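> Residues 1 to 695 (the UniProt record's numbering) are what the sequence shown spells out, left to right.
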Amino acid sequence: MPPETVTIAGKQYIMPPKTVTIAGKQYPTDITTLDLRHVTIEGGIAPGIFAGLSSLTELDLERATIEGCIYPGAFQDLVSLTSLNLESATIRGNIAPGAFQDLVSLTSLNLSYAKIGSIAPDAFACLSSLTTLNLGYAKIEGGIAPGIFAGLSSLTELHLERATIEGCIYPGAFQDLVSLTSLNLESATIRGNIAPGAFRDLVSLTSLSFMYSTIEGGIAPGTFAGLSSLTTLNLGYTKIEGGIVPDAFAGLSSLTKLHLEGATINGSIAPDAFAGLPSLTKLHLEDAKIEGGIAPGAFAGLSSLTELDLKYATIRGNIAPGTFAGLSSLTSLSLSGAKIEGGIVPGAFQDLVSLTSLSLKYSEGDIALGTFAGLSSLTKLYISYSFGEKGIAPGTFAGLSSLTTLDLTYAKVGIAPGAFQDLVSLTSLILRHSTIEGDIAPGAFADLSSLTELDLDSATINGGIAPGAFADLSSLTKLDLTGTIIGSIATGAFGLTIVGLDPSSNNDDLTSRFIKFNKDRDKVFENVHQSFGLAKELLNIVGNYLAPNNLPPFANHAFLKICLSGKAKVGLVDRAAAAAGSVTSQSAHHADAAGQASRHADAAGQFLRHVDAAGQAPHHVDAAAAGMTPESAHHVDAAGGKSPRHADAAAGGLVDRAEEGAAAAAGSVTSQPAHHVDAAGPMGDLEAVVDTTSQ
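1) Count the CB pairs spanning the region 280 to 292 and the region 252 to 261 that are closer than 8 Å, and state whether there are at least three.
2) Considering just the uninterrupted stretch of the beta strand (DSSP E) at Pro231, what are its terminal residues?
3) Using 8 Å for Cβ pairs, my map puts Leu431 next to Leu456. What's the rounded Cβ distance?
4) On a Cα-Cα basis, can you pick out the residue from Ala46, Glu161, Phe372, Gly322 that is closest to Gly395?
5) Can you say whether Gly243 is buried or exposed, counting buried as having 16 or more other CB atoms within 10 angstroms of its CB?
6) Closest by CA to Phe470, which one among Arg37, Asp272, Pro442?
7) Check this for me: beta carbons of Phe174 and Gly151, under 9 Å apart or not?
8) Suppose you measure from the CA of Ser332 to the CA of Lys380; what does that come to, to the nearest Å?
9) According to the Cβ coordinates, are Asn234 and Glu216 closer than 9 Å?
10) Please list, in chain order, all residues of the same chain as Arg37 whose beta carbon is under 8 Å from its beta carbon, the five residues on each side excluded.
11) Quick check: what's the CA-CA separation for Phe149 versus Val345?
12) Whole-angstrom Cβ separation of Ser112 and Ser83, contact assumed at under 8 Å?
13) Select from Ile219, Ser154, Leu403 the residue whose C-alpha is nearest the C-alpha of Ala248.
14) What's the gap between the Cα of Ile465 and the Cα of Ile415?
15) Give the straight-line distance between the Cα atoms of Asp272 and Ser253, rounded to the nearest whole angstrom.
16) Under the DSSP definition of a beta bridge, which residues are partnered with Val413?
17) Count the other CB atoms within 10 Å of the CB of Lys25; is the residue buried (16 or more) or exposed (fewer)?
18) Ile240 and Gly276 - do their beta-carbons sit closer together than 9 Å?
19) Report all residues from its chain with a CB closer than 6 Å to the CB of Lys339; omit the five preceding and five following residues, and keep chain order.
20) Would you kindly work out how many angstroms separate the C-alpha atoms of Ser505 and Thr482, rounded to a whole number?
21) Quick check on Lys361: buried or exposed, where buried means 16 or more other Cβ atoms within 10 Å of its Cβ?
22) Looking at the unbroken beta strand (DSSP E) that takes in Thr460, where does it start and where does it end?
23) Select from Gln76, Ile41, Arg316, Ile45 the residue whose C-alpha is nearest the C-alpha of Leu53.
24) Less than 7 Å between C-beta atoms, sequence neighbours within five positions excluded: which residues of the same chain meet that for Ser179?
25) Between which two residues does the beta strand (DSSP E) harbouring Lys282 extend?
26) Short check: CB of Ser363 to CB of Leu406, under 9 Å?
27) Report the rounded CA-to-CA distance for Gly438 versus Thr427, giving the unit in angstroms.
28) Apart from the five residues on each side of it in sequence, which residues of its chain come closer than 6 Å, Cβ to Cβ, to Ile31?
29) Taking the beta strand (DSSP E) that Gln26 belongs to, which residues open and close that run?
30) Out of Gly117, Ile144, Thr477, Ser80, which one is the CA nearest neighbour of Leu130?
31) If you follow the beta strand (DSSP E) that Leu406 is in, where does it begin and where does it stop?
32) Quick one: what's got a C-beta closer than 6 Å to Phe445's C-beta in the same chain, skipping five residues either side?
33) By the 10 Å Cβ neighbour count, where 16 or more other Cβ atoms means buried, how is Gln101 classified, buried or exposed?
34) According to DSSP, what are the bridge partners of His259?
35) Just to confirm my understanding: we take Asp176, look at its own chain, exclude 5 residues before and 5 after, and list those with CB closer than 8 Å. What are they?
What follows is the structure, given as structure tokens:
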């Protein structure tokens, strides 16, 4: 702004700038921002204190001490002000009606953390441009009375988080807030109750949060009446005295999400507690403490609800038949880790005709017969860590004809014949880390004709696997026995036609028929064919070791792909088998005696990806003159020690530097690859195709 001038006797003179004195200090009147943080204003803020500051857009009174009231006309002349900050200010008196009446351009007012004697009705009158009002952490004496927000027709955000409201929120408390879309009362303390009709004027409100608040007077019927646009209501971790009464949420016709997770409900969830919520699709009650239990009919009226979350909730009493009445659209129910003092009564889920997923993971106690009655649409059932001491009784899963996935991870179970009755659609049975008491007997998996995957990863079978235990699994394509501990395996226990078998990293005590431990610190995979009548594709024995000279035959099998990776070792396959063409090594990184060829047939044309000078050894370069097979991990070098990690020749003889090397009489062989796999040494990844047609 150009300086003000005056003409006297035909000559112009620059006038000194106009100033205003505030709290004993002068400020020019043409400033746009004014910092009054931490100042003390004696006598309050009276009319005229900011006179002449018509260009001011920002006024900061953070942590100011105002010794008196904020009077009507206190902000006279501040017609350009858009932001007023009174955060953490101490206002000894009250905010009088009309205190902000001259702030016609104000869009943001911050009174968070402020200590206010009281806010009079019409205190915010005439703030027609205000869009954001922050009263977070403020202490509001006398509650929120009708008219306190009168005139704030443009307000879209109101913050009352952590506010202490010393009294009730009265009917008409939010009068004139027709544009408000978000109201935040998180962690607020409301000393009185929220009266019916308190929110009736908030016709545009879409989000209301009371998270972590304490509502000492409870929630009365009609509390939320008038909130026809509300879509999300958050009462998570609130303390609600008196429970949730019938029609507590009546009138919320647009609500789609209701959060009560972590809430402490000092009372019951009464019948029709959620009546009047026709649009609700998701209800959160995880971690909630429901001191009075859930009454039958509590969820009546929630015809659109598709997801109900009660995981880790503490529920006094039981879950009885009728508890879930009215939830005709529910597809997902989680009770994982829930503490249900009276248990789940048989028939409790009978009204959930559309339920497809049910989780009871980490649940306590036994599961009674008839618990799952009526769940004809259920496709996924998770019962990890469950079943108590009694195991799975025959008929436990009766009626679950649509179930495709059953997860019993970490469950302690006994699998008796008929345990999986009616599970004709089941394709995946997961028993990872489970403890199976007793034997897996013939008929244990009866009715599981559609099962394609059986996961026993790290399971403990305290009994044994009897002959024909898996005879009913005609569709099985994958069996995972990784790390499984089995008491005993009978001859012919499996007899499967499967695509994938994974008994990798098994415990040493998986019986001598399966894995042994020899004096060379090698686990020996031996005689496995007596237990496994394999017929197809893949055997993964990662982490195990094959016995020297014992690559076992597998009944009824033409080509078995064996995966040996990581720290696995493989013993020598005898030359007779190799000569007969029954073993084909597919190990990569192998060269012939001259170091010129890799990944192709040897002199005899019998070995893929392998060259042998004499056609005699399947895994090593053979010295043509001596017919020897070096057994060093990284191959033998007879060229004077020039190749790294190899033995070399000195004066016509080999000096073997490998752990299990051999000597070559002629010393004429030079192997060049550094990553050769030896019959006895450690190796990298190896795939071998075993032709057992002749066996």
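Where is the CB? At the ideal position from N, CA and C, for every residue including glycine. A quick note: this is a predicted structure, and the numbers were derived from the prediction, not measured.
Reading off the structure:
1) yes
2) Residue 231 is actually Thr in this sequence, not Pro. Here Thr231 belongs to no beta strand (DSSP E), and DSSP marks it neither H nor E.
3) Leu431 to Leu456, Cβ: 5 Å. Contact.
4) Phe372
5) buried
6) Pro442
7) no
8) Distance between the alpha carbons of Ser332 and Lys380: 10 Å.
9) no
10) Apart from the 5 residues on each side of it in sequence, Arg37 sits with its Cβ closer than 8 Å to the Cβ of Asp60, Leu61, Glu62, Arg63, Ala64 in its chain, given in chain order.
11) 51 Å
12) The Cβ separation is near 14 Å, so there is no contact.
13) Proximity to Ala248 across Ile219, Ser154, Leu403 peaks at Ile219, based on C-alpha coordinates.
14) 11 Å
15) 15 Å
16) Ile436
17) exposed
18) no
19) Thr314
20) Low per-residue confidence applies at Ser505: pLDDT is 49, beneath 50, and the placement is therefore not dependable enough to give any value.
21) Buried is the call here.
22) 460 to 465
23) For the residues Gln76, Ile41, Arg316, Ile45, the minimum Cα distance to Leu53 belongs to Gln76.
24) Ser153, Ser154, Leu155, Thr156, Ser204
25) 282 to 284 is the span of the beta strand (DSSP E), which, as asked, contains Lys282.
26) no
27) 24 Å
28) none
29) 25 to 28
30) Ser80
31) 405 to 407
32) Leaving aside the five residues that flank Phe445 on each side, the residues in its chain whose CB is nearer than 6 Å to its CB run, in chain order, Asp472, Leu473.
33) Buried is the call here.
34) Asn234, His284
35) Phe149, Ala150, Gly151, Leu152, Ser153, Asp201
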